[in-house]
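The opening position of the sequence shown corresponds to residue 766 in our numbering, with each subsequent residue numbered one higher.
Glycine residues also receive a C-beta, built at the ideal position from the N, C-alpha and C atoms.
The structure appears below as structure tokens.
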Amino acid sequence: MKTIVCKTYEEMSTRAAEIVADVMKANPSCVLGLATGSTPVGMYKKLIDMNRAGEIDFSAVTTVNLDEYYPISPENDQSYRYFMNDNLFNHVNIDKTKTFVPDGTAADPHEACAAYEALVKRVGPADIQVLGIGQNGHIGFNEPDSALEVETHVTGLTESTIKANARFFASIEDVPTQALTMGIGTILSAKKIIILANGAAKAEAVKKMLAGKLDTSCPASMLNLHSDVTVICDEVAMD
Ligand code: F6R
């Protein structure tokens, strides 16, 4: 894996946005695989600025997001659909009908996952997938386990992830305990992957990811199977 170690979060966000922008310039009707969480927020801000400056055009772009809580409505300000609208889609010239997030309202979540997997195959593969990494090494909501899922699936969130995400909710009881997420195979189907990590809390997960072993206790280590992965992190996350 290639690594880019940056001095600041600002620099990380700029480097990540430049890589995404290059993909968009090379192919204006590209497919972007996107992530939520706090890490890519700075990158989204840069992409919005570039779009406003006329440097990049979202009008023909399709997006597929990694995951969504379940159950949750898109109007809930903690849903990942709401996050994407709020942090990117509402501020750029994207056609929202071409932005996809797993359906947190589906009556049958397993059916919704199968439909999402088929959709990613139909519109994809993603030209670039943006990832964050959980403190426990998760990517998407693929949590550490003895076996990892290949395709989009319903998953329970681990206690550590529920705790980490409680900061966004009124109380820990409000954090959904399930999610719909792309599987490891869905993620690896992207042509190019960037994974962003900042802060000391991510250092252990980053170390395990870069240890050169396929370790299901660190799902991000599966990225070693891909030939075009760039890790963009700050110095403390790479400690
Ligand atoms: C978000 C996602 C998660 C986050 C991870 C890191 O769509 O799939 O895997 O990337 O939990 O979250 P932050 O960036 O909030 O530390």
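Residue i versus residue j - alpha carbon distance
| i | j | result |
| --- | --- | --- |
| Ala949 | Thr804 | Reading off the sequence shown, one finds Ile at residue 949, where the question assumed Ala. If you take the alpha carbons of Ile949 and Thr804, they lie about 20 Å apart. |
| Glu938 | Glu775 | 33 Å |
| Lys957 | Ile893 | 5 Å |
| His991 | Ser838 | 34 Å |
| Tyr845 | Gly977 | 31 Å |
| Thr923 | Leu812 | 32 Å |
| Asn723 | Ala825 | No answer is possible for residue 723: it lies beyond the span of the chain, which begins at 766 and ends at 1004. |
| Leu988 | Leu884 | 22 Å |
| Asp1026 | Gly807 | Because the chain in this structure spans residues 766 to 1004, residue 1026 falls outside the shown range and cannot be described. |
Beta-carbon spacing of residue i, residue j below 7 Å
| i | j | result |
| --- | --- | --- |
| Ile960 | Val996 | yes |
| Ala985 | Ile927 | no |
| Gln900 | Ala931 | no |
| Phe906 | Asp832 | yes |
| Glu916 | Thr862 | no |
| Gly902 | Cys998 | no |
DSSP-derived helix/strand/coil call for residue i
| i | result |
| --- | --- |
| Cys878 | helix |
| His903 | coil |
| His991 | coil |
| Leu945 | strand |
| Gly769 | Note on residue identity: the sequence assigns Ile, not Gly, to residue 769. If DSSP states are grouped into helix, strand and coil, Ile769 belongs with the strands. |
| Thr862 | helix |
| Asp832 | strand |
| Val806 | helix |
Contact test: residue i Cβ vs the ligand F6R heavy atom, cutoff 6 Å
| i | result |
| --- | --- |
| Ser803 | yes |
| Leu831 | yes |
| Gly905 | yes |
| Ala965 | no |
| Gly899 | yes |
Length-filtered (4 minimum) alpha helix (DSSP H) runs lying within the segment 953-985: 968-974
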